[in-house]
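Going line by line, the protein sequences match chains A and B. In terms of the numbering used here, the first sequence has 282 at position 241, counting the first letter as 1, and numbering is strictly consecutive. In terms of the numbering used here, the second sequence has 190 at position 137, counting the first letter as 1, and numbering is strictly consecutive. Just below is one structure, and these are the notes that go with it.
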Amino acid sequence: MNTFGDPTVWLPFVFAALMGLSILIYVILDGFDLGVGVLFPFANEAERDRMVSAIGPFWDANETWLVLAVGILLVAFPAAHGAILTALYLPVAIMLVGLILRGVAFEFRVKAPTPWKATWNRAFFVGSLMTSLSQGFMLGMYVMGLTWTLPHVGFALLTAVFLTVGYSFIGATWVIHKTEGDLQRKAVDWAKGGIWGLVLGIGAISAATPYVSDRIFGKWFTWPEALYLSPLPILSGVLVVSLWLMLRRMPFAEDRYSWAPFAAATGLWGLAFGGMAYSFYPYVVPERLTIYEAASAPESLFIILIGTCIVLPTILGYTILSYSIFRGKATELRYD
Amino acid sequence: MDALILSRIQFAANISFHILFPTITIALGWVLLFFRVRFNITKDERWLEAYRFWVKVFALSFAMGVVSGITMSFQFGTNWPGFMETVGNIAGPLLAYEVMTAFFLEAVFLGIMLFGASRVSARVHTTATFLVAFGTTMSAFWIIVLNSWMHTPQGFEMIDGVAHATDWWAIVFNPSMPYRFAHMMLASFLTVSFLIAGVSAFRWLIGGRTEGVRVALKTAVFGAAMLIPVQIFVGDMHGLNTLEYQPQKVAAMEGNWETDTNVPLLLFAIPNEELRENTFEIGIPNLASLILTHHADGEVPGLNDFVADDGTALHPRVAPVFWSFRVMVATGMLMLAVSWGASALMLRRNADRTGRRGVEGLPKPVLYGLVAMSFSGWLATLAGWYTTEIGRQPWLVQGVMTTKQAVADVPAGMVASTLIAYLVVYALLLAAYIAVIFYLARKAAKGEPIGPNVPQSTKAAVTVAAE
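What follows is the structure in structure tokens.
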């Protein structure tokens, strides 16, 4: 256990990295299926069925990454889990009700008697919207240090809108990849209409974070760190511009590069997330509690780590298996 | 009401709603595997028919279980931060293993099991079905391990008020775990047996007399008849284990205030916490002693042994434990009577002695009885969990920390508002769930297709399918 040095140093770091990875995978994967839910009002009935087919086999596993991320927070940083979740009591409750509504709406909208389908479609949309908004709100509150003051809540309301539009953007890029014809063209328009949410959201958080904390300001705007960090904003800018150019000309002949917008959106998400992780490290509760102070006992973390080393590659393996079985354009979901 | 009692009600509401669905999916996964394997071997369409109907109920139940389960993982933090701060070093790894070994397994392979049948080979599909069933069982295992450790904690030491693990083997295989796990697995299989029997009887009654309904009904009734005696035996062993490790809980279950020999089994009583006695009781002499110690003059612990020097009770409130236990036992007895009665009727020989009567041997009142019993497993399971969980109070982790020590410092008004929101959502979803199951049953009985997840009638779907 001491091979890599002091376990009270490297174990919390490893778990913070694992948690960060889970959150990143979650916002990308559940981001696209939440986004599809948010886009529901813009689609007609047949298109909605297609859109659900495009996410049906995946959403369940996608949501599990949220459970894993919260699970790591819970088991590796119990003190932080309590501090963060009690501070975010109401938005968490709203998110949970949203997740419940949309999760069951998947099943009910096709199993309930036909007159009820419209109701469950609405539940699917409202649930996705509640979840996205509350996640964006929590993101904003987290950036602002989890204190409930009027300006902070105002900022969090803004990030709530940006993240929701950002999710609908990545949802649209997924629909571009998984569908064809009219719906695909429509999804290109949705993506063009949603990209601003992502840009403004990343911009707002990038601008606000250094302003809230001198420590974070110092991490970004001192020489030579600023030089080493410059690829982050530059790459993001390049990705946004190329996404925009690509979307203007999509869909391409023979459906070439239909995966590219989703891939670019994933890259953008990753860069933004990397920047945030860099800003907040080593704090897990902003400016209050570091990952080292909040961590569980090393012997417990070590037990979890052994399991993680075996299980995480397996999870990745069968997630890839599932995505490859359901690769290609979404077809009608059938039980037989 | 203060934040403590509101948080307790909220957690009880969430976990009660949640457990309904795993109770169905744990066993239904294995039953589906059974149908699937029977079809693979016999190539008899009726097994596939049964599979196709019940896989839909499984999908619906699974979704309900997933979303209500996510709620739980957040509520540890929002309402009970003291729990993880004190015993997080023990509970953490157990919950982590649940998510890692079970949650992902079932979530990923569920997609293949539900929608992949036409995309993968029969063998891969059967394997996916197995992995989903296995995943739900693993999930139950880890949760039961943690829950049992909260009842019978061992394998740890307290350092500065925080629990640290010393022996993981002792933690996982803590004294009450094997009994609780067996009891819960059997509860799940019984719940599913009565659900399948009830819904199949419903389909039979309204005219959907297909071969698929016939095999499902038979499997369910015979399964229940075989499992219920096992469950009664395991439940008795679980009770003896509780007597050893949590005597105050058994005292509350029996409504017994003074430690004594030759204690009667109370069929009915009104426990009074103020007077610390039962104001009214009807009992069978010596039977509680006989059941708990297997001797008529055996000693049964009394609640008065569990009072602190300053007069605070170190035992649970008596009435809820006493009554939940009786509801569970009574439901179990009814299950025994109904499943054995129905089995006997089905096993009778035909008038011409050529074979057994089977489902035709069931008269209408028995079929109606089965329909009424569709969700009897839920009743027994909830009553059982209330017995054991309320019975652990005032402890959250027996002898280590009280429930009060764990509660969050959140304003009561905030807890009250979220509690109301959850209750409304849960009530609506439960109504929708039960209604949809019987709607699917009616549709199946009329022979209407319920196969595709997307209605075929919409024009676009047909066009796309044609492409």
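Glycine is no exception: its CB is placed at the ideal position from the N, C-alpha and C atoms. Just so we're clear, the structure is a prediction, and the values are computed from it rather than from any experiment.
- In the three-state scheme derived from DSSP, where H, G and I count as helix and E and B as strand, H71 (chain B) is classed as helix.
- With respect to G444 (chain B), A305 (chain B) sits close: the two C-beta atoms are nearer than 7 Å.
- Partner residues in the beta bridge of F321 (chain B), as assigned by DSSP, are B:I335.
- DSSP, read as helix, strand or coil, puts R402 (chain B) in strand.
- Within chain A, the residues I366 and F367 have their CB atoms less than 8 Å from the CB of R172 (chain B), given in chain order.
- According to the DSSP assignment, M211 (chain B) belongs to the beta strand (DSSP E) that extends over F209 to I212.
- The straight-line gap separating the alpha-carbon atoms of Y319 (chain A) and A313 (chain A) is approximately 10 Å.
- With contacts defined by Cβ atoms closer than 7 Å, I196 (chain B) and A181 (chain B) do not form a contacting pair.
- If the five residues before and after V119 (chain B) are omitted, its C-beta is found closer than 8 Å to the C-beta atoms of A160, all from its own chain and listed in chain order.
- Every alpha helix (DSSP H) of 4 residues or more that sits fully in the stretch 150–225 of chain B is shown, in chain order, as 157–168, 175–204 and 221–225.
- For F127 (chain B), the C-beta contacts it makes with chain A under 7 Å involve V111, L126, V133 and L137, in order along the chain.
- By the Cβ rule, the stretch 114–131 of chain B counts as touching the stretch 74–87 of chain B, because three or more pairs are nearer than 8 Å.
- Under the three-state reduction of DSSP, Y322 (chain A) is assigned to coil, being neither helix nor strand.
- One finds I123, S126, V152 and F156 in chain B with Cβ atoms closer than 7 Å to the Cβ of V108 (chain A), taken in chain order.
- Q207 (chain B) sits exposed, since fewer than 16 C-beta atoms from the chains shown fall within 10 Å of its C-beta.
- In the three-state reduction of the DSSP assignment, R329 (chain A) falls in the coil class.
- Burial state of M290 (chain B) is exposed, judged by a 10 Å Cβ sphere holding fewer than 16 other Cβ atoms.
- For a Cβ distance threshold of 8 Å, nothing in chain B lies close to S247 (chain A): the least Cβ distance comes to about 28 Å.
- The stretch 53–138 of chain A contains, as complete alpha helix (DSSP H) runs of 4+ residues, the segments 86–96, 100–117 and 119–128 (chain order).
- Selection B:N200, B:F156, B:A322 and B:R401 evaluated against S192 (chain B) yields B:F156 as nearest (Cα-Cα).
- DSSP links W448 (chain B) through a beta bridge to B:T455.
- A direct Cα-to-Cα measurement between V282 (chain A) and F73 (chain A) gives close to 21 Å.
- Not one beta carbon of chain B lies nearer than 7 Å to the beta carbon of G358 (chain A).
- Across the structure, I72 (chain B) and S365 (chain A) are spaced so that their CA atoms are roughly 33 Å apart.
- In the three-state DSSP reduction, A366 (chain B) falls in the strand class (E or B).
- A direct Cα-to-Cα measurement between G169 (chain B) and R105 (chain B) gives close to 13 Å.
- Shown here, E327 (chain B) sits in coil according to DSSP, grouped into three states, outside any helix or strand.
- For F234 (chain B), the closest of B:F247, B:N294, B:T219 and B:H368 by C-alpha to C-alpha distance is B:N294.
- Look at T155 (chain A) here: in three-state DSSP terms it is helix.
- Interface residue (Cβ-Cβ distance to chain B less than 7 Å): Y130 (chain A) is classified as such.
- Residue environment analysis places D101 (chain A) among the buried positions, since at least 16 neighbouring C-beta atoms fall within 10 angstroms of its C-beta.
- The beta carbon of A58 (chain A) does not come within 7 Å of any beta carbon belonging to chain B, so the residue lies off that interface.
- By the criterion of a C-beta distance shorter than 6 Å, V151 (chain A) is surrounded by no residue of its chain, once the five residues flanking it on both sides are discounted.
- For a Cβ distance threshold of 7 Å, nothing in chain B lies close to H218 (chain A): the least Cβ distance comes to about 16 Å.
- The stretch 80–90 of chain A makes no contact with the stretch 326–344 of chain A, as fewer than three CB pairs between them are under 8 Å.
- In the three-state reduction of the DSSP assignment, T263 (chain B) falls in the coil class.
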